[in-house]
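Right, one structure below, let's go through it.
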């Protein structure tokens with residue numbers, strides 16, 4: 001049974017306009033999820049939203065806990081000891097994940113294997129051998145897609161265990177041909193998602209799925225990826241997170257390995273065998289041998305703490321909320337300075353005569369009103385329909 | 389018609405026990421080739437050689453000039469303006485090369501393409517495309533072997549020009565299946581060798597042929613090479629010479645590309661197209677755009693000048709030659725310190741009480757007596773039959 005705090009926390013996470021970074025900021029500012037929820041409507045109204053934001057009821061949140069429990073899964077909040085420690089390092093770490101299967105598996109060292117859906121026979125063979133050999137030492141994370149993903153999961157279960165990060169709800173099989181595989185992984189490994197039960201996976205969900213794959217893993221192995229493959233996005237995220245990127249080389253005559261060759265040009269580690277991967281993970285081993293419980297010590301991760309996280313802003317900021325005229329002026333200035341190109345908050349501050357606290361207050365309100373998008377690295381962008 | 393100095397120079401180069409480095413040192417010490425030749429018997433006797441060294445007669449040397457001229461070729465001595473400038477940079481640059489065809493071609497920027505003899509259809513196709521595309525911009529150097537070498541030469545002639553570096557004499561076709569190709573390259577490009585007319589290529593000649601390939605080129609492209617391929621030796625030499633090394637990647641399932649993949653691991657430039665090569669040669673372009681005549685300015689190349697090249701040693705050294713008892717003692721000391729493992733001359737000096745000049749005098753004599761091998765980098769090794 002979830003505690004009342006869990007229920008309120010889930011309501012906040014699922015509220016309209018509340019993304020991972022906003023959620024984190026709200027919980028930094030207000031003492032409890034309940035207080036943050038209470039402030040939401042006013043904040044959104046200040047930001048220019050005409051209708052109050054949709055917030056799930058207690059019953060809605062409880063229903064989600066029930067649904068996940070019936071599937072044999074659980075919801076894990078960031079900060080919980082069971083929350084995967086590597087994932088917690090992300091600036092936009094999911095505030096909650098849904099896990100079917102063995103949640104304890106997420107505390108073990110993992111390596112991602114990704115690649116194209118229309119894989120060649122050679123690519124499938126390479127992925128199969130690599131996954132079998134790697135799974136004897138680390139958990140294999142992949143995205144349950146056709147092609148390389150599917151064979152990596154399947155082969156990994158022969159010698160070890162595997163985690164599938166999916167884009168849709170935990171109860172939604174996708175793609176159809178991997179329905180059985182998804183069920184098998186939930187039984188023998190773990191299936192993890194950010195989506196609520198019943199969510200059909202859509203194109204816009206896959207970048208977040210890719211972030212989960214990279215975020216859970218010490219490194220990402222790209223087996224066979226064309227230049228337009230989504231696997232390159234996963235590799236790019238891994239690189240940004242400081243995780244190792246591995247790529248299997250291929251002939252210049254094979255378009256399906258050009259993306260991997262490009263990664264090699266950019267410094268990815270050339271990978272022919274599992275040893276090429278394992279030999280280059282040694283530096284990370286310490287993260288797991290130090291005896292620290294996953295999630296402990298870095299519940300929010302070591303993301304760069306900019307002005308947004310400066311506690312000294314809090315009092316100042318809440319003061320501002322009671323000065324509508326001052327905030328109106330601040331809002332106009334910030335909106336005028338923002339555009340569709342992501343802008344660092346430091347650049348905003350340099351170009352206006354507002355206090356950091358006032359700018360952050362305005363940005364949060366604009367985001368809750370759906371007018372501004374918050375991006376990792378303290379960057380903000382005006383959503384296109386509100387642009388000049 | 390060769391000058392008398394040319395004839396004496398060729399006699400010295402072809403004399404028994406005189407390798408590229410010894411030849412260079414003799415010409416540094418004596419004013420003319422004739423004087424060096426006159427000193428040879430005494431030096432070899434001092435070194436412990438019982439019979440006088442075999443030295444070709446004037447007639448022998450003139451015959452070689454005649455033979456090469458009849459083949460339509462020429463002999464080019466190091467220091468001549470026509471001597472390839474990049475080759476002159478080698479510490480053990482050949483004192484003379486024999487060239488059939490257009491010797492002026494050797495002054496143009498060149499890139500080597502090498503690979504296995506038992507190439508795959510894919511490898512041949514890649515080599516063909518690369519050679520055609522590269523030859524439109526640079527001369528293609530290769531070793532006239534079966535497989536990758538042969539197709540690189542052939543394809544290069546469709547869009548540009550090519551140079552074949554061979555292990556045997558200029559009039560010896562090898563391998564048999566490339567007889568026509570060798571003739572064609574001599575007509576439209578250039579064939580270059582260190583071997584005298586009539587020399588049948590033997591296994592021991594090929595490392596020197598590989599050195600020529602790397603030495604003539606701004607960079608070496610390895611197209612398809614197994615882990616035991618001789619192409620890797622050429623790549624290794626290129627690396628030591630500070631030339632660029634390029635490698636075409638291949639699937640882990642193809643043993644014929646593992647050598648290239650290993651080179652990529654070690655930092656070779658990943659190559660799928662000619663642009664990958666050309667884009668990484670820009671730094672070298674200046675060597676050719678400065679307007680300097682090839683061979684000028686650096687007739688002996690910028691090899692690291694150690695104690696062996698210190699001019700102050702010369703007088704001292706020739707003095708020693710007239711003190712037999714002192715040199716006998718020095719010879720015993722040096723022989724005792726040397727072994728089959730190459731030893732730097734600096735290490736020898738540190739471990740004996742001899743002057744640098746005395747040590748160099750002894751080493752030269754021992755080498756001319758066939759008891760010591762001189763290696764690049766001022767290193768010396770005792771030949772096994774004379775070891776302790």
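Chains as they are written, first to last, in my numbering: chain A, 1 to 388; chain B, 389 to 776. Glycine residues also receive a C-beta, built at the ideal position from the N, C-alpha and C atoms. It should be emphasised that the depicted structure is a prediction, and the values quoted were computed from it without experimental measurement.
Any chain B beta carbon closer than 8 Å to residue 261 of chain A: yes
Sub-8 Å separation of residue 651 of chain B and residue 623 of chain B beta-carbons: yes
Going along the chain, which residues of its own chain have a beta-carbon closer than 7 Å to the beta-carbon of residue 401 of chain B, five neighbours each way excluded? 411, 483 and 484
Secondary structure at residue 617 of chain B, three-state DSSP: helix, strand or coil? coil
I'd like to know if residue 424 of chain B contacts chain A, where contact means its C-beta is closer than 8 Å to some C-beta of that chain. no
Does any CB atom of chain A fall closer than 8 Å to the CB of residue 510 of chain B? yes
Coil, strand or helix - residue 767 of chain B by DSSP: strand
Tell me, please, whether the region 211-222 of chain A touches the region 242-261 of chain A by the rule of three or more beta-carbon pairs shorter than 8 Å. yes
Report yes or no: is there a C-beta of chain A within less than 8 Å of the C-beta of residue 637 of chain B? yes
Against chain A: residues of the region 651-667 of chain B by CB proximity under 9 Å: 652, 653, 657, 658, 659, 660, 661 and 664
Rounded straight-line distance, which links the Cα of residue 114 of chain A to that of residue 569 of chain B: 46 Å
How many angstroms separate the CA atom of residue 721 of chain B from the CA atom of residue 435 of chain B? 13 Å
Taking 8 Å as the cut-off, does the region 392-401 of chain B touch the region 448-457 of chain B (at least 3 CB pairs, one atom from each stretch)? yes
Using a Cβ-Cβ distance under 8 Å, would residue 255 of chain A count as near chain B? no
Is residue 340 of chain A close to chain B? Criterion is C-beta to C-beta, closer than 8 Å. no
Helix, strand or coil for residue 244 of chain A, going by three-state DSSP, please let me know. strand
With a cut-off of 8 Å on the beta carbons, I'd call residue 125 of chain A and residue 157 of chain A a contact; round off their distance for me. Contact doesn't hold; Cβ gap of about 17 Å is too wide.
Run down chain A in chain order and give the residues with a C-beta less than 7 Å from the C-beta of residue 513 of chain B. 253
Which of helix, strand or coil does DSSP assign to residue 142 of chain A? strand
List the endpoints of the continuous beta strand (DSSP E) containing residue 357 of chain B. Residue 357 of chain B lies beyond the stretch modelled for chain B, which goes from 389 to 776, so this question has no answer here.
Kindly identify the DSSP beta-bridge partner or partners of residue 74 of chain A. A:99
Would you kindly work out how many angstroms separate the C-alpha atoms of residue 714 of chain B and residue 757 of chain B, rounded to a whole number? 19 Å
With distances taken between CB atoms, is the gap from residue 486 of chain B to residue 456 of chain B smaller than 8 Å? yes
Using a C-beta cutoff of 8 Å, does residue 526 of chain B count as contacting chain D? In the structure shown, chain D does not exist; the protein chains are A and B.
Residue 591 of chain B to residue 565 of chain B span [Cα, whole Å]: 18 Å
Would a C-beta distance cut-off of 8 Å place residue 521 of chain B and residue 530 of chain B closer than the cut-off? no
Between which two residues does the alpha helix (DSSP H) holding residue 420 of chain B run? It is not in any alpha helix (DSSP H) - residue 420 of chain B carries neither H nor E in the DSSP assignment.
Excluding the 5 residues preceding and the 5 following residue 599 of chain B in the sequence, name in chain order all residues of the same chain whose CB lies nearer than 6 Å to its CB. 625
Beta-carbon contacts of residue 587 of chain B that lie in its chain and below 7 Å, excluding the five residues immediately before and after: 556, 557 and 560
For the candidate residues B:646, B:432, B:733 and B:506, whose alpha-carbon lies nearest to that of residue 755 of chain B? B:432
Bridge partners - residue 344 of chain A, DSSP secondary structure assignment: A:379
Which residues in the same chain as residue 704 of chain B place their Cβ atom closer than 7 Å to its Cβ, once the five residues preceding and following it in sequence are excluded? Here residue 704 of chain B scores only 39 on pLDDT, less than 50, and its place in the model is too uncertain to base an answer on.
Is residue 313 of chain A buried or exposed, if buried means 16 or more other CB atoms sit within 10 Å of its CB? For residue 313 of chain A, the predicted model reports a pLDDT of 34, less than 50, meaning its position is unreliable and no value from the coordinates is stated.
Secondary structure at residue 326 of chain A, three-state DSSP: helix, strand or coil? helix
Endpoints, the alpha helix (DSSP H) within which residue 581 of chain B is located: Looking at the DSSP string, residue 581 of chain B is not in any alpha helix (DSSP H); the run it does join, the beta strand (DSSP E), is 578-581.
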